[in-house]
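Structure first, then comments.
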Amino acid sequence: MSTATFVVAATSSEVLNVIAAFAGGLFIAGALVWAVQLGMRVRDRELPRPTPDEQPHLPDTGPVHEERELREPDEVPHAEGRERLLPHELHHAGSRRSEDQHRKRWLPGKSGSFGGGGLGHG
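Quick note: the sequence shown, position 28, residue 28 per the UniProt record's numbering, numbers continuous.
So, in structure tokens, the structure goes:
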């Protein structure tokens with residue numbers, strides 16, 4: 001084979017690569033156009049968006065205020081004479097309202113953090 005044959009073969013493979021890349025790009029662009037058109041058709045079939053009058057609004061009495069309370073863990077009862085408790089035998093909530101609703105405040109020197117570097121509980 002002569003050098004000219006190699007040049008022609010290399011040139012034709014480069015041309016084929018360019019044509020394949022162009023065809024792949026056209027295919028991807030066509031797929032994206034199709035997907036956008038499909039999305040538009042699906043959106044047209046959906047219910048219309050709510051108008052501003054249909055949006056939720058504050059009650060006439062004003063905003064609802066949050067309620068704060070201290071909670072304590074509700075201990076799981078022991079299974080007496082059985083292997084385990086079943087879910088329907090447990091309480092409906094994992095915590096209960098604390099009797100003492102006074103929030104405990106932080107006191108200097110009593111941070112309680114592990115490795116905090118302070119004097120800790122004296």
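Where is the CB? At the ideal position from N, CA and C, for every residue including glycine.
Contact between the segment 92-106 and the segment 70-77 is present: three or more C-beta pairs spanning the two stretches fall below 8 Å. Excluding its 5 nearest sequence neighbours in each direction, Pro63 has no C-beta neighbour in its own chain below 6 Å. By DSSP's assignment, Ser12 forms no beta bridge with any residue. Rounded to whole angstroms, the gap between the alpha carbons of Arg45 and Glu83 is 55 Å.
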